[in-house]
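Input: a single structure, listed below in structure tokens.
In this note's numbering, the protein residues as written are 0 to 393.
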């Protein structure tokens, strides 16, 4: 009983300590604005990182009608199943990866704001040795607070009722905005007009402390974000008539081409354009061009693990009654198509087929309801079509 009580009390205690530590730095150690900003920016990074990590563990799928701002890697939203990466952590659901990475846009905005403030506003203060020790202590409290909250969430199994949107509640984002964006603006304004930093930041500290209490007192096991029920897919216990695998080389080539194309489109294209222009103005035109090449190449390479996660372990199983896409890594069926609903099956070549000696192609399946499925980059597609062309057993 005592250990359970301690676990429940530890996050609030650490939260209060993390919130009040900048006030101690200002009042006791004479901090100016710069070390205060560093502490709050580090807290924002840890906060967003914890929310992104927690979203990976959410069991309930997000409603199909939800589209977040600049949601990356949307193709992973259809993935079913989970995999346990670390034994003591809950299993990770690949379909939650897009929502976890969506927090990166906030960190990008925070980094941009920090760079502009450091380059042009030049906040008063220094990062001497004694100040860095104080910043390290405050950061340790922040990390400890969020680690304790994460462990308590794991112990209580609250992720079973969550979707990937649950960690990114409105009150949490507002707390990050207060920490990361309001403090620099108010602090710099106070410095410019000659107001005392302590009195000015006191209001922000009080507001953030109130939000910390609200965050800790509001139950997280009853999310209100949009979610949907996932229909179970029945997999026959009998052996399939045929099994067709995806081709690893084809998936890799397709991922590189797709990643390079996505790098030139918004929103990633805007980031690359902004970064290359900034580097070009700072270091010259060759450096700006090199920045474009490196960032496009990096985005293309980033698509490799995404494509491997989505299609690399998928095999298409043909049974008497249905065709089932099954992910062997996640050990979960992805979709099921009754054979009686299939009206047409045909092969189609891809632009990479000549590079793969024609052994890889796409199978297109048309259904009676007007829908269709495209099985991309499968090995020996002609044999797969012949198998599906045989009438299923009654």
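Note that beta-carbon positions come from the ideal geometry of N, C-alpha and C, so glycine has one too.
Residue from the options whose Cα sits closest to the Cα of residue i
i           : options            : result
residue 184 : 360, 383, 32, 372  : 32
residue 314 : 260, 181, 187, 380 : 380
residue 72  : 143, 297, 309, 44  : 309
residue 121 : 37, 388, 83, 239   : 37
residue 103 : 51, 138, 90        : 51
residue 332 : 235, 201, 369      : 235
residue 92  : 101, 362, 107, 76  : 76
residue 12  : 212, 256, 259      : 212
residue 21  : 87, 42, 10         : 42
residue 108 : 137, 142, 270      : 270
residue 239 : 210, 323, 207      : 323
residue 168 : 49, 374, 365, 89   : 49
residue 397 : 28, 206, 188, 364  : This structure gives no information on residue 397, because the portion of the chain shown stretches from 0 to 393.
residue 366 : 385, 382, 290, 339 : 339
residue 80  : 86, 98, 60, 383    : 60
residue 256 : 30, 83, 299        : 299
residue 249 : 374, 65, 119, 30   : 374
residue 78  : 63, 84, 87, 85     : 63
residue 97  : 65, 110, 201, 117  : 65
residue 206 : 229, 142, 182, 384 : 182
residue 119 : 166, 84, 187       : 187
residue 15  : 326, 143, 115      : 143
Residue i vs residue j beta-carbon contact at 8 Å
i           : j           : result
residue 232 : residue 335 : yes
residue 129 : residue 34  : no
residue 329 : residue 245 : no
residue 57  : residue 161 : yes
residue 241 : residue 292 : no
residue 268 : residue 276 : no
residue 387 : residue 344 : yes
residue 149 : residue 53  : yes
residue 247 : residue 311 : yes
residue 44  : residue 106 : yes
residue 264 : residue 18  : no
residue 378 : residue 278 : no
residue 180 : residue 261 : no
residue 137 : residue 9   : no
residue 294 : residue 274 : yes
residue 46  : residue 145 : yes
Beta-bridge pairing of residue i - partner residues as DSSP gives them
i           : result
residue 331 : 326
residue 345 : 363
residue 321 : 337
residue 396 : For the chain, the structure presents residues 0 to 393; residue 396 sits outside this window and is missing.
residue 373 : 363
residue 242 : 316
residue 45  : Per DSSP, none; premise fails for residue 45.
Supposed contact pair residue j and residue i - C-beta distance, whole angstroms, cut 8 Å
i           : j           : result
residue 320 : residue 337 : 6 Å
residue 24  : residue 133 : 5 Å
residue 361 : residue 346 : 7 Å
residue 95  : residue 140 : With 8 Å as the limit, residue 95 and residue 140 do not qualify as a contact, their Cβ atoms being about 29 Å apart.
residue 297 : residue 253 : Going by Cβ atoms, the distance from residue 297 to residue 253 rounds to 18 Å, so no, they are not a contact pair.
residue 153 : residue 90  : With 8 Å as the limit, residue 153 and residue 90 do not qualify as a contact, their Cβ atoms being about 12 Å apart.
residue 363 : residue 370 : Wrong, their Cβ atoms sit about 11 Å apart, outside the cutoff.
Neighbour flag for residue i against chain C, beta carbons, 8 Å
i           : result
residue 201 : Considering every chain present, this structure includes no chain C. It has just one protein chain.
Q) For the region 251-331, which segments carrying the beta strand (DSSP E) assignment without a break, of at least 3 residues, lie completely within its bounds, in sequence order? A) Along the region 251-331, the beta strand (DSSP E) occurs as fully enclosed runs of 3 or more residues at 313-317, 321-326, listed in sequence order.
**Q.** Runs of alpha helix (DSSP H) wholly within the region 80-138 (minimum 4 residues, chain order)
**A.** List check, alpha helix (DSSP H) in window: 96-101, 103-115.
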